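Letter 191 of the sequence shown, counting from 1, is numbered 195 in this note's numbering, and no numbers are missing. Below is one structure, written out as C-alpha cells, with a few remarks after it.
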Amino acid sequence: MRRLIHFFYRAARKKDVIVMIWGVHSADWMAALAASAPVWKDIPTVLAVLNFSSHRKTVPLTVRWGRRVVVIPLMEPHIAGRPRKYVALAPSQEALEVLGDKGRFADYVEKQALGHLCPVTYKSIESAIFPCVIKRTNLNGGQGVELAVSSQEARRIVKGGLFAGHSWIAQAVVSFTVEYVVHCVCVQGRILWHAAYAYRFQKQHIRTAGSPQCTLSRATIPAKVFKDLETLLLPLAYSGPCNVDCTWDDEGRLMVFEINPRMGGSLMSPANRADLAACLSMIIAEARVG
Numbered sequence: 005m006r007r008l009i010h011f012f013y014r015a016a017r018k019k020d021v022i023v024m025i026w027g028v029h030s031a032d033w034m035a036a037l038a039a040s041a042p043v044w045k046d047i048p049t050v051l052a053v054l055n056f057s058s059h060r061k062t063v064p065l066t067v068r069w070g071r072r073v074v075v076i077p078l079m080e081p082h083i084a085g086r087p088r089k090y091v092a093l094a095p096s097q098e099a100l101e102v103l104g105d106k107g108r109f110a111d112y113v114e115k116q117a118l119g120h121l122c123p124v125t126y127k128s129i130e131s132a133i134f135p136c137v138i139k140r141t142n143l144n145g146g147q148g149v150e151l152a153v154s155s156q157e158a159r160r161i162v163k164g165g166l167f168a169g170h171s172w173i174a175q176a177v178v179s180f181t182v183e184y185v186v187h188c189v190c191v192q193g194r195i196l197w198h199a200a201y202a203y204r205f206q207k208q209h210i211r212t213a214g215s216p217q218c219t220l221s222r223a224t225i226p227a228k229v230f231k232d233l234e235t236l237l238l239p240l241a242y243s244g245p246c247n248v249d250c251t252w253d254d255e256g257r258l259m260v261f262e263i264n265p266r267m268g269g270s271l272m273s274p275a276n277r278a279d280l281a282a283c284l285s286m287i288i289a290e291a292r293v294g
C-alpha cells in the first residue's frame, strides 16, 4: 500500500505546470489553446491552463502555490507586455522590434551582411526595378503586400488603402512554386525544435496579399537552409517561438520574406495538433525568468 501511495504521489507531482496564455487572438488560436483544448492532453507536465487578457497580471496564490507558472504570450504586443514575475521563453525587446517591423528587418540583414538570404530592398521607388513588391512594414498574415508594375503604380499604392500614413518598403520580386512556413523554438539563436510546411502552387507565383490559399503539407528542411535560418537568428540571440515565411530552391538557396517573433497560425489547425504540442512542450521546458 505504501508503494502504491508513493507511486500516485510521484505521478501527481509530474503535473506541476500552470500555463498562462497571455492575450487574445483569433477564434482558431483561442480554440486551439483553450483550457479544454485536446493539445494539453499531449503535454504530461501541464496541470492547468489559464487564459488571460492583458488587463489581469497575476495567477491566484491558491493556484500557483508550489507550481511553476509559464507565460505563453500570443502576439507581439502581448510578448512586450507580459507579466515578468513568471517564467517565459520570449525574445529580447530588440529582437522583437527588429523582427516585428519589415523595414527594421531589412536594415538588420544588410548590417549583418545577410542580404543574400532575403529579397533585395530598394532605397526608394525611383531606384526600384519593376515589377516590385510594396510592403507595409508593420502588418502580417499577407496584409499590406502589393505588386507594383511601374513607379506610377507604386506611388499610387503607398498613398492609399492600408499604406496611407504608414511606413513601407519596396523589394525585388521573388517568384516560386513552393512557399514554406518554418515554425521554430529557439534559445539564444539556436533552433531546438522546428516543423516545416509547404504551400504548393500550380505555376510560378509572387507573394502578395492576394495569394491563393493552399492546403499545407509537411516539408523537410535541407541542412543548408537550417544553418542559414540560424545564421539570421544568432546575432539577435533570439529566444522563443518564431515562424519564418520563406522559399528555397533545389540547391537549398534560401530566400526569407519575414520572420514573425511568435507562434504561427498554421500550428493552430487541428490537423497539426502534434506539432503544436511539441512546440508548447519545448517552450515550457525552456522557459526562464526575464
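Ideal Cβ placement from N, Cα and C applies to all residues, glycine included. Just so we're clear, the structure is a prediction, and the values are computed from it rather than from any experiment.
Straight-line Cα distance separating residue j from residue i
i, j, result
"Met272", "Thr49", "20 Å"
"Ser131", "Lys89", "48 Å"
"Gln175", "Met79", "25 Å"
"Gly165", "Arg277", "36 Å"
"Arg257", "Pro226", "10 Å"
"Ile22", "Ser285", "13 Å"
"Gly119", "Asp232", "12 Å"
"Asn264", "Arg108", "13 Å"
"Ala152", "Phe205", "21 Å"
"Thr141", "Lys106", "4 Å"
"Ser179", "Glu150", "14 Å"
"Pro42", "Gly268", "18 Å"
"Leu93", "Ile288", "8 Å"
"Pro135", "Ala158", "9 Å"
"Lys115", "Trp69", "47 Å"
"Asp20", "Ser40", "17 Å"
"Val186", "Gly148", "21 Å"
"Asp249", "Phe167", "21 Å"
"Lys228", "Leu237", "15 Å"
"Pro77", "Val189", "14 Å"
"Val28", "Pro81", "11 Å"
Cβ distance (whole Å) where residue i is taken to contact residue j below 8 Å
i, j, result
"Val63", "Leu51", "Not really, about 12 Å apart at Cβ, beyond 8 Å."
"Ala202", "Ser221", "5 Å"
"Arg1", "Val102", "Lying before the first or after the last residue shown, residue 1 is absent from the chain, which here runs from 5 to 294."
"Arg86", "Val75", "5 Å"
"Met24", "Phe56", "6 Å"
"Thr224", "Ala199", "That belief does not hold up - the Cβ atoms of Thr224 and Ala199 are roughly 10 Å apart, past 8 Å."
"Leu100", "Ala110", "So it is not a contact: roughly 16 Å between Cβ atoms."
"Thr125", "Ile195", "Contact doesn't hold; Cβ gap of about 25 Å is too wide."
"Trp197", "Ala282", "6 Å"
Environment of residue i [buried if 16+ CB atoms lie within 10 Å]
i, result
"Ser128", "exposed"
"Leu37", "buried"
"Val293", "exposed"
"Gly244", "buried"
"Asp279", "buried"
"Ile133", "exposed"
"Trp252", "buried"
"Ala117", "exposed"
Helix, strand or coil at residue i according to DSSP, with G and I counted as helix
i, result
"Trp69", "coil"
"Leu103", "helix"
"Leu118", "coil"
"Tyr112", "helix"
"Met24", "strand"
"Pro249", "As written in the sequence, residue 249 is Asp, which differs from the Pro given in the question. Note: Asp249 maps to strand in three-state DSSP."
"Asn142", "coil"
"Pro81", "helix"
"Arg160", "helix"
"Lys89", "coil"
"Glu98", "helix"
"Met272", "helix"
"Glu255", "coil"
"Ser154", "coil"
"Ala168", "coil"
"Ala316", "This structure cannot settle anything about residue 316, because the visible part of the chain is limited to 5 through 294."
"Thr224", "coil"
"Glu234", "helix"
"His10", "The predicted position of His10 is uncertain, since its pLDDT is 40 and thus under 50; a value taken from the coordinates is nonetheless stated next. It is helical."
"Ala200", "strand"
"Asp290", "This sequence places Glu at residue 290; Asp is not what is there. Three-state result, Glu290: helix."
"Val229", "helix"
"Arg194", "strand"
"Cys283", "helix"
In the region 33-61, which residue ranges form an unbroken beta strand (DSSP E) of at least 3 residues, counting only runs that do not cross its ends? The beta strand (DSSP E) runs of length 3 or more contained entirely in the region 33-61 are, from start to end of the chain, 50-56.
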